[in-house]
Amino acid sequence: MAFQPKAVLVTGGAGFIGSNFINHFMAANPDCRVVNLDLLTYAGNLKNLTGVEKNPNYRFVKGDVCDGPLVAGILAGERIDALLHFAAESHVDRSITGPEIFVRTNVLGTQILLEESRRHWQSGLVAGFRYLQVSTDEVYGSLGETGFFTEETPLAANSPYSASKAGADLLVRAYFETFGMPTLNTRCSNNYGPYHFPEKLIPLMIHNILAKRPLPVYGDGRNVRDWLHVKDHSIAIETVLKTGRLGRVYNIGGNNEWQNIDIVHLVCDLLDKKLGRTAGESRGLITFVKDRPGHDRRYAIDAGRMRNELGWEPSYTFERGIDETIDWYLANQQWVADVTSGGYREYYEKQYGDR
Ligand code: NAD
Ligand code: TYD
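Residue numbers (the working numbering): 12 to 366.
See below:
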């Protein structure tokens, strides 16, 4: 029988994927309480959650996943029966210039959540506790021209970001093997969709095309990523939480490989049409720049386990997903202006500052 949580703790719920997940999950599970623990770093934005903030089943806590007593208090006080760990430092380029915070947040933060979850689970306060670690296909390293990452592919992380996520995944494995903790581990390919911070490829390109600024393409632009709509990722995580086999890893992907340069061309052409610009105008902004050090060449996910064991498949075609995503950015220029100016921070002060 499927697991139906009554109260979930989501970490990093003000970020791109976490906020999309909460918006989806609360609509699909109206009786489940959701506590969102987020430190509101540069990547956390409560404006992503205006649709749920007045829901009596929703509670926001500003705090750090490395704060064990805070986490313990939420787990016991809210009788949490599922913890979904999204919070992370998530940008590869930032991990190259400043790796330390990645180890603190992604590795130490995961260990603290695991340890507090273990105590909570062993206390027997709630029945059927589950811990779900949200991870990335980047832990597998880089592929050549052919082949796919399966759940059995050895971990071979190449960037400080992916190394910190791999370290966290191994801790999750260790808590399952050592303590028998009820853990689940998802590894997803690149996501796109609404509320994506404009430091990542797709929203950065949309943002720069609108502003007629250069479009920086790293190296030869032929690196390949497998793109998945964030709504499909949210549904996949809900599916794993409810029906996944404990102790198991699940790869989640879109079966949707694109070379970076082709994605940039596509976004340029779609925006030229939507903005009434001359065909080809935005492509003129493309600027090839120095490659990212250690730049993984290709990621591609074999999502066969998700499909065969849990019956999950992506529902978005890329054609529809990218079109809707561009329309979302066009309709939400204030959101983009707020996140690029840092203005979104004032929203927290107004909503929660006096608590
Ligand atoms: P994001 O950077 O948009 O959001 C991260 C969130 O975590 C932010 O709200 C931030 O405030 C919060 N946070 C950071 N440090 C914290 C701390 N110490 N305590 C509490 N909160 C903290 O990231 P995202 O793109 O939404 O990614 C979410 C998760 O999914 C990450 O674990 C990431 O590794 C994983 N993932 C992302 C992708 C992708 O394409 N974006 C793909 C696969 C997996
Ligand atoms: P990104 O969105 O940072 O995700 P990740 O590195 O986690 O896959 O980058 C996606 C791809 O786009 C990656 O191959 C790097 C490339 N890229 C650029 O070419 N230019 C850019 O400005 C950015 C941010 C990324």
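For every residue, glycine included, the Cβ atom is placed at its ideal position computed from N, Cα and C.
The C-alpha of G139 lies about 8 Å from the C-alpha of F14. If you ignore the 5 residues before and after K284, its C-beta comes within less than 6 Å of no other C-beta in its own chain. Here the segment 238-256 does not lie against the segment 284-304, with fewer than 3 beta-carbon pairs under 8 Å apart. For E268, the enclosing beta strand (DSSP E) starts and ends at 268-270. Counting only runs of 4 or more residues that sit fully inside the segment 191-223, the alpha helix (DSSP H) segments are 212-221, in chain order.
A residue is called buried once 16 or more other Cβ atoms fall within 10 Å of its Cβ, and K361, having fewer, is exposed. P227 carries a strand assignment under DSSP once its states are collapsed to helix, strand and coil. Under the Cβ criterion (8 Å, minimum of three pairs), the segment 40-60 counts as touching the segment 18-30.
Counting only residues of its own chain and dropping the five nearest sequence neighbours on each side, D104 has a CB closer than 7 Å to the CB of R303.
H35 carries a helical assignment under DSSP once its states are collapsed to helix, strand and coil. For the pair of segments examined, the segment 185-199 was found to touch the segment 257-276: the number of CB pairs separated by less than 8 Å reaches three. The distance from the Cβ of N202 to that of V241 is about 5 Å, consistent with a contact at the 8 Å cut-off. Using a 10 angstroms sphere on the CB of T328, the tally of other CB atoms stays under 16, which defines it as exposed. Under the three-state reduction of DSSP output, R259 falls in the coil class, being neither helix nor strand. Under the criterion of beta carbons closer than 8 Å, L143 and C199 do not qualify as touching, at roughly 12 Å. N47 sits in a strand when the DSSP states are folded into three classes. Closest by C-alpha distance to V350, out of N59, H35, C43, P41, is N59. Excluding five sequence positions before and after E324, the CB atoms of its chain that fall closer than 6 Å to its own CB belong to R318, given in chain order.
Apart from sequence neighbours up to five positions away, the residues of its chain that approach I85 with a beta-carbon distance below 8 Å are L20, V46, L48, V72, I91, ordered along the chain. For Q122, the uninterrupted alpha helix (DSSP H) run begins and ends at 120-134, by DSSP. Under DSSP, D237 takes part in a beta bridge, and its partners are E268. Distance from the Cα of N219 is smallest, within the candidate group F97, Q344, A39, E89, for Q344. In the DSSP assignment, K73 is bridged to D49. Taking non-hydrogen atoms of the ligand NAD into account, the C-beta of S101 is found less than 6 Å away from one of them. Within the chosen limit of 6 Å, the ligand TYD does not reach the beta carbon of R331 with any heavy atom. Contact annotation, F187 with N262: C-beta distance approximately 17 Å; criterion of less than 8 Å not satisfied. Between E330 and I112, the alpha-carbon positions lie close to 36 Å from each other. Going by C-alpha positions, A39 is about 18 Å away from M12. With 16 or more other CB atoms across the displayed protein chains lying within 10 angstroms of its CB, T147 is buried. Cβ atoms of P16 and A93 come within 8 Å of each other, at about 4 Å.
F299: member of the beta strand (DSSP E) spanning 297-300, first to last residue.
Bridge partners of V21 according to DSSP: N47, L95.
S146: member of the beta strand (DSSP E) spanning 141-147, first to last residue. Taking L181 as the centre and dropping the five residues before and after it, the same chain places the C-beta of L166 closer than 8 Å to its C-beta, in chain order.
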